[in-house]
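Engineer: Can you keep this structure in mind? I'll have questions shortly.
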DNA sequence: AGGTCCCCTATTCTCGATGATCGATGATAC
DNA sequence: GTATCATCGATCATCGAGAATAGGGGACCT
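Chains as they are written, first to last, in our numbering: chain F, 21 to 243; chain S, 21 to 243.
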């Protein structure tokens, strides 16, 4: 999975793809901002073609929106969309837990605990960008245990939307509330209790949705 | 959703995209066969660029596989992948039912019943291509009721994989078994019993997986 | 005979240029 | 003063050609 990624990186379009994706996550390309093909091409010293290919891939991924002859702009997920994505994520992770817990090795458990510690450390620093990354890693690791590659792929396709939330809307919210959501999940995993994990995930989702809604309300709902 | 599709059709890349997708579904491009950019371009009277963009989109969709400097070939999902996809599909549809049944109108119910009739008619004719289409429509309609656009989108991204199965592996199996899977779902919907729908869907999944496995075994498992 | 290297072909990948389309700006008519 | 229309700059969409790469077949060496 990872080695494949390092091999595939001889193609400009892929590099541009990563560049843009990272740029979007880091806030360099904020939501709703335009991405001008020629500008990016000049910026990276390439021609338009690879940029166009990358943009088209990003469109399918749901990260940007392309209108013919008008160009690409970064999608800014509406509040409903964010909550919808969270609901789907939870359903997927719940399936992941049901499949994964019976297969979970001790090594898995150690790794997840470590990732959880890293997540908590990120919460402590208050660095939202890193927090989003750690959060993604933690959940992805749980998904990976399921052994269902398709599940991981689908979840991954959903992740950019959720991440946008954490990096862009969270500035108005207190990130420390995230801290409390994950320990129950870890405890349930340590007990190897799949049902408990599912319950913990459901609570995670409910709390996150609630927080999300109130954060959006404070922001002045534009959707 | 549909109007957007008709608007976007002034761009060659999109037309090529549809052309290829249809070609794959119809068996014109069988699994594992190469798709040569220059050939398709000549075939359609365009240059390579739009073809490349279309292929890249199809790759993200999971329909084709692109290896750098080696080209694109139609993905032939392995049996494990198919079953994985089915599991994910079921989880998504289960969520869809839980969200959708409480919102279901009488008109929804009528439409679903009609789609179910159409599905049964397709079973009767034995036309596998049409059967795949009707099956997709039926399930998509249930998903749509949830009102969760993100859920529909994710499900849609998974659909090509499942459809490949019905059109390409089913030749060896008897398609009539599909007929028995759906009436329980419809009945549960008519009773507006979300839990019953979820149970019916779970059964649908189990039966489909079992059929799939035995069909693959007869075919000589290559995965 | 077996293995290694090199060349040759098919195809991908990239580029720079050209045509097509949009949105805004300003001119004209009423 | 307002509404309609032509024009212009910016940007997208497409093209055709040229460099880069993989895979296969033959010549050469051992």
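For every residue, glycine included, the Cβ atom is placed at its ideal position computed from N, Cα and C.
This one's a predicted model, so the numbers in the text were calculated from it and none came from an experiment.
In angstroms with no decimal places, state the Cα-to-Cα distance between residue 218/F and residue 117/F.
Structural biologist: For the purposes of this step, residue 218/F is taken as the residue at position 198 of the first chain. For the purposes of this step, residue 117/F is taken as the residue at position 97 of the first chain. Straight-line Cα distance between these residues: approximately 7 Å.
Engineer: Taking one C-beta from the stretch 221 to 238 of chain S and one from the stretch 101 to 117 of chain S each time, how about it: are there three or more such pairs within less than 8 Å?
Structural biologist: yes
Engineer: Evaluate contact between the stretch 66 to 86 of chain S and the stretch 166 to 183 of chain S, counting only Cβ atoms and requiring at least three cross-stretch pairs below 8 Å.
Structural biologist: yes
Engineer: Along chain S, which residues have their Cβ under 7 Å away from the Cβ of residue 170/F?
Structural biologist: If you number the first chain from 1, residue 170/F lands on position 150. In chain order: 101, 104, 105 and 108.
Engineer: Beta-carbon of residue 214/S versus every beta-carbon of chain F: anything under 8 Å?
Structural biologist: Along the second chain, read from residue 1 onward, the residue named residue 214/S stands at position 194. For residue 214/S, the answer is no, since every Cβ of chain F falls outside 8 Å of its Cβ.
Engineer: Between the alpha carbons of residue 213/S and residue 121/S, how many angstroms are there, rounded?
Structural biologist: Looking up residue 213/S in the second chain gives position 193. Looking up residue 121/S in the second chain gives position 101. If I take the Cα positions, the gap works out to 7 Å.
Engineer: Expressed to the nearest angstrom, what Euclidean distance is found between the alpha-carbon atoms of residue 88/F and residue 67/F?
Structural biologist: The residue labelled residue 88/F in the question sits at position 68 within the first chain. The residue labelled residue 67/F in the question sits at position 47 within the first chain. Cα to Cα, the separation comes out at about 19 Å.
Engineer: Quick one: list the residues of chain S neighbouring residue 81/F, beta-carbon separation under 7 Å, in chain order.
Structural biologist: Mapped onto the first chain, residue 81/F falls at position 61. Simply 80.
Engineer: Helix, strand or coil for residue 35/F per DSSP?
Structural biologist: Taking the first chain and counting its residues from 1, one reaches residue 35/F at position 15. In the structure shown, residue 35/F sits in a helix (DSSP, three-state: H, G or I).
Engineer: Could you check whether the Cβ of residue 73/F sits closer than 8 Å to any Cβ belonging to chain S?
Structural biologist: For the purposes of this step, residue 73/F is taken as the residue at position 53 of the first chain. True, the Cβ-Cβ gap to chain S drops below 8 Å.
Engineer: Counting only runs that start and end within the stretch 94 to 138 of chain S, where is the alpha helix (DSSP H) found for 4 or more residues in a row?
Structural biologist: Secondary structure remark: continuous alpha helix (DSSP H) runs of at least 4 residues inside the stretch 94 to 138 of chain S, in chain order: 99 to 120.
Engineer: Tell me the DSSP secondary structure of residue 92/F in three-state form.
Structural biologist: Along the first chain, one-based indexing puts residue 92/F at 72. Correct three-state label for residue 92/F: strand.
Engineer: Below 8 Å CB to CB, which residues in the same chain sit around residue 203/S once its five sequence neighbours on both sides are set aside?
Structural biologist: Sequence index remark: in the second chain, residue 203/S carries index 183 (1-based). Taken in chain order, the residues that qualify are 136.
Engineer: I think residue 94/S touches residue 50/S, with their Cβ atoms under 8 Å apart; what is that distance to the nearest whole Å?
Structural biologist: The count along the second chain starts at 1 and reaches residue 94/S at position 74. The count along the second chain starts at 1 and reaches residue 50/S at position 30. Indeed, because the Cβ distance is near 7 Å, the residues count as touching under 8 Å.
Engineer: Of the residues 236/S, 37/S and 206/S, which one's Cα is nearest the Cα of residue 128/S?
Structural biologist: Here residue 128/S refers to the residue found at position 108 when the second chain is read from its first residue. Residue 206/S is the option with its Cα nearest to residue 128/S.
Engineer: Nearest CA to the CA of residue 60/S: which residue from 33/S, 216/S and 123/S?
Structural biologist: Taking the first residue of the second chain as 1, we reach residue 60/S at position 40. It is 33/S.
Engineer: Please return the same chain residues whose Cβ sits closer than 6 Å to the Cβ of residue 36/F, not counting the five positions on each side in sequence.
Structural biologist: Here residue 36/F refers to the residue found at position 16 when the first chain is read from its first residue. Around residue 36/F, the same chain offers 70, 71 and 74 as residues with beta carbons nearer than 6 Å, after the five sequence neighbours per side are excluded.
Engineer: Roughly how many angstroms lie between the CA atoms of residue 167/S and residue 171/F, to the nearest whole one?
Structural biologist: Within the second chain, residue 167/S is the residue found at index 147, counting from 1. Within the first chain, residue 171/F is the residue found at index 151, counting from 1. Using only the alpha carbons, I get a separation of about 22 Å.
Engineer: Given residue 123/F, which residues of its chain have a CB within under 8 Å of its CB, disregarding the five upstream and five downstream residues?
Structural biologist: Against the first chain, residue 123/F aligns to sequence position 103. The residues are 165, 166 and 167.
Engineer: Helix, strand or coil: how does DSSP classify residue 212/S here?
Structural biologist: The residue given as residue 212/S occupies position 192 in the second chain. Of the three classes helix, strand and coil, the one that applies to residue 212/S here is coil, per DSSP.
Engineer: Does the CB of residue 174/F have a neighbour CB from chain S at under 8 Å?
Structural biologist: Translated into the one-based positions of the first chain, residue 174/F becomes position 154. Interface residue, yes.
Engineer: Short check: CB of residue 151/F to CB of residue 198/F, under 8 Å?
Structural biologist: Numbered from its first residue, the first chain carries residue 151/F at position 131. Numbered from its first residue, the first chain carries residue 198/F at position 178. Yes, the pair counts as a contact, with Cβ atoms nearer than the cut-off.
Engineer: For residue 48/F, name the three-state secondary structure that DSSP assigns.
Structural biologist: Position 28 of the first chain, counting from 1, holds the residue named residue 48/F. If DSSP states are grouped into helix, strand and coil, residue 48/F belongs with coil.
Engineer: Give a yes or no on whether 8 Å exceeds the smallest Cβ distance from residue 221/S to chain F.
Structural biologist: Position 201 of the second chain, counting from 1, holds the residue named residue 221/S. Judged by the 8 Å Cβ criterion, residue 221/S is not in contact with chain F.
Engineer: State the Cα-Cα distance for the pair residue 31/F and residue 131/F, rounded to the nearest angstrom.
Structural biologist: For the purposes of this step, residue 31/F is taken as residue 11 along the first chain, with counting starting at 1. For the purposes of this step, residue 131/F is taken as residue 111 along the first chain, with counting starting at 1. The alpha-carbon atoms of residue 31/F and residue 131/F are separated by roughly 33 Å.
Engineer: Ignore the nearest five residues each way along the sequence and tell me which others in residue 21/F's own chain have a CB closer than 6 Å to its CB.
Structural biologist: In the first chain, the residue the question calls residue 21/F occupies position 1. With a pLDDT of only 42 at residue 21/F, under the threshold of 50, the placement of this residue in the model should not be trusted; the figure read from the coordinates follows. Closer than 6 Å at the Cβ level, and outside the excluded window around residue 21/F, lies no residue.
Engineer: For residue 149/F versus residue 53/F, is the C-beta distance shorter than 8 Å?
Structural biologist: The residue labelled residue 149/F in the question sits at position 129 within the first chain. The residue labelled residue 53/F in the question sits at position 33 within the first chain. Going by C-beta atoms, residue 149/F is not nearer than 8 Å to residue 53/F.
Engineer: Taking C-beta pairs closer than 8 Å, name the residues in chain F that residue 115/S reaches, listed in chain order.
Structural biologist: Stepping through the second chain from its first residue, residue 115/S is reached at position 95. Near residue 115/S (Cβ distances below 8 Å), the residues of chain F are 107, 108 and 111.
Engineer: Smallest Cα separation from residue 77/S: which of 113/S, 48/S, 39/S and 98/S?
Structural biologist: Within the second chain, residue 77/S is the residue found at index 57, counting from 1. The candidate whose alpha carbon is nearest that of residue 77/S is 39/S.
Engineer: Hey, could you find the ends of the beta strand (DSSP E) residue 85/F is sitting in?
Structural biologist: For the purposes of this step, residue 85/F is taken as the residue at position 65 of the first chain. Per DSSP, residue 85/F belongs to the beta strand (DSSP E) from 84 to 87.
Engineer: Could you run through the stretch 136 to 163 of chain S and flag, in chain order, every residue whose CB is less than 8 Å away from some CB of chain F?
Structural biologist: none
Engineer: Please report whether the beta-carbon of residue 76/F lies at a distance below 8 Å from any beta-carbon of chain S.
Structural biologist: Here residue 76/F refers to the residue found at position 56 when the first chain is read from its first residue. Closer than 8 Å to some Cβ of chain S, the Cβ of residue 76/F qualifies, so yes.
Engineer: What is the DSSP secondary structure of residue 25/S, counted as helix, strand or coil?
Structural biologist: As a first step, residue 25/S is located in the second chain; it is residue number 5 there, counting from the start. Below a pLDDT of 50, predicted positions are generally treated as unreliable, and residue 25/S, at 44, falls in that range; no measurement from the model is reported.
Engineer: Sorted by chain position, which residues of the same chain lie with C-beta nearer than 6 Å to residue 216/F's C-beta, five sequence neighbours on each side aside?
Structural biologist: The residue labelled residue 216/F in the question sits at position 196 within the first chain. Result list for residue 216/F: 208, in chain order.
Engineer: Can you give the Cα-Cα distance for residue 144/S and residue 43/S, rounded to whole angstroms?
Structural biologist: In the second chain, the residue the question calls residue 144/S occupies position 124. In the second chain, the residue the question calls residue 43/S occupies position 23. It is roughly 25 Å from the alpha-carbon of residue 144/S to the alpha-carbon of residue 43/S.
Engineer: My guess is that residue 201/F and residue 113/F are in contact by the Cβ rule of under 8 Å, so how many angstroms apart are they, rounded?
Structural biologist: To locate residue 201/F, count along the first chain from 1; it is residue 181. To locate residue 113/F, count along the first chain from 1; it is residue 93. In this structure, residue 201/F and residue 113/F do not form a Cβ contact; the two beta carbons are roughly 12 Å apart against a cut-off of 8 Å.
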